[in-house]
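The structure under discussion appears below in the form of structure tokens.
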Amino acid sequence: MNNPFSNKNDKSSHSKAQPQAQDATFNPELNPNTFEDPEFKPDIEEGNPKHSANSTTNSAKDLEEIAKLARQNSELIGDLQRTRADFENFRKQVELQREQAKTIAKHATISKVLPLIDDMSRAIKAHPDLLAPVQKTLDKTLKALNLTPIDSNPGTVFNPEFHNAITMEEGDGDKEVIAEELIPGYLYEGEVLRAAMVRVKHQ
Numbered sequence: 469m470n471n472p473f474s475n476k477n478d479k480s481s482h483s484k485a486q487p488q489a490q491d492a493t494f495n496p497e498l499n500p501n502t503f504e505d506p507e508f509k510p511d512i513e514e515g516n517p518k519h520s521a522n523s524t525t526n527s528a529k530d531l532e533e534i535a536k537l538a539r540q541n542s543e544l545i546g547d548l549q550r551t552r553a554d555f556e557n558f559r560k561q562v563e564l565q566r567e568q569a570k571t572i573a574k575h576a577t578i579s580k581v582l583p584l585i586d587d588m589s590r591a592i593k594a595h596p597d598l599l600a601p602v603q604k605t606l607d608k609t610l611k612a613l614n615l616t617p618i619d620s621n622p623g624t625v626f627n628p629e630f631h632n633a634i635t636m637e638e639g640d641g642d643k644e645v646i647a648e649e650l651i652p653g654y655l656y657e658g659e660v661l662r663a664a665m666v667r668v669k670h671q
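Rendered as structure tokens:
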């Protein structure tokens, strides 16, 4: 006698034994050997020759820019040093001109006093005993003005830097000496303010 439940169980077992088919979509562009998509491009830069070339180019540009900046920096430093040197020279030149202007002004002022000093000197020579006190006053005045009389006594060797020969007398010798002082000369702070006017002779 057949079991009425046997067919139902067989069908159920048979249904469970069959594997379920998975849903798959066929892509005709896939490589049948590797199953790789030819349009897939991995975003991997490391080891890429093109990336290495770009890096080398960028490095070369950076080095060139650094060298350019270094040259500009050197040029700026050179310009600064030249400007500083020019300014220092200009400052020294201005200071020198200022000192020269002061000296010229002093010379001009003192030169105006020389005629009065000359008159006093002639008066003292004419009356030395009478004007001895005046001679002392004159000496103090010359010292206060930083004036030094130029040595022009008779017999002194003629020096064109300090003496101005008004006349020249011939003699037996070749040596030029002062015969007479006509107008005294003076040094101001070591420089010739006025040369002495003298008569010169050979001896």
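Residues 469 to 671 in the numbering used here are what the sequence shown lists, from first letter to last.
Heads up, the beta-carbon is just placed ideally off N, CA and C, and yes, glycines get one too.
{"Check": "Cα separation between V581 and R590?", "Outcome": "15 angstroms"}
{"Check": "Quick one: using the 10 Å Cβ neighbour count with 16 as the cut-off for buried, is E644 buried or exposed?", "Outcome": "buried"}
{"Check": "Counting only runs that start and end within the segment 588–660, where is the beta strand (DSSP E) found for 3 or more residues in a row?", "Outcome": "615–617, 631–637, 644–651 and 654–656"}
{"Check": "So, I651 versus D586, is the Cβ gap smaller than 8 angstroms?", "Outcome": "yes"}
{"Check": "Return the residue from the list K669, A663 and E659 that minimises the CA-CA distance to G641.", "Outcome": "K669"}
{"Check": "According to DSSP, which residues form a beta bridge with H670?", "Outcome": "E644"}
{"Check": "Please find out if some non-hydrogen atom of the ligand SAM comes closer than 7 angstroms to the beta-carbon of I585.", "Outcome": "Ligands displayed in this structure: none; no statement on the ligand SAM is therefore possible."}
{"Check": "Give me the Cα-Cα distance between Q540 and I534, rounded to the nearest whole angstrom.", "Outcome": "10 angstroms"}
{"Check": "Could you give the DSSP three-state label for A664: helix, strand or coil?", "Outcome": "strand"}
{"Check": "Can you find the residues in the same chain that come closer than 6 angstroms, C-beta to C-beta, to E657, ignoring five residues on each side of it along the sequence?", "Outcome": "N614"}
{"Check": "Helix, strand or coil for K580, going by three-state DSSP, please let me know.", "Outcome": "coil"}
{"Check": "Measure the C-alpha to C-alpha separation of K428 and S542 and round it to an integer number of angstroms.", "Outcome": "Because the chain here runs from 469 to 671, residue 428 falls outside it and cannot be looked at."}
{"Check": "Assign F473 to one of three DSSP states: helix, strand, or coil.", "Outcome": "Reliability of the predicted coordinates at F473 is poor, the pLDDT of 46 falling under 50, and the value obtained from them is presented with this limitation in mind. Coil at F473, not helix or strand."}
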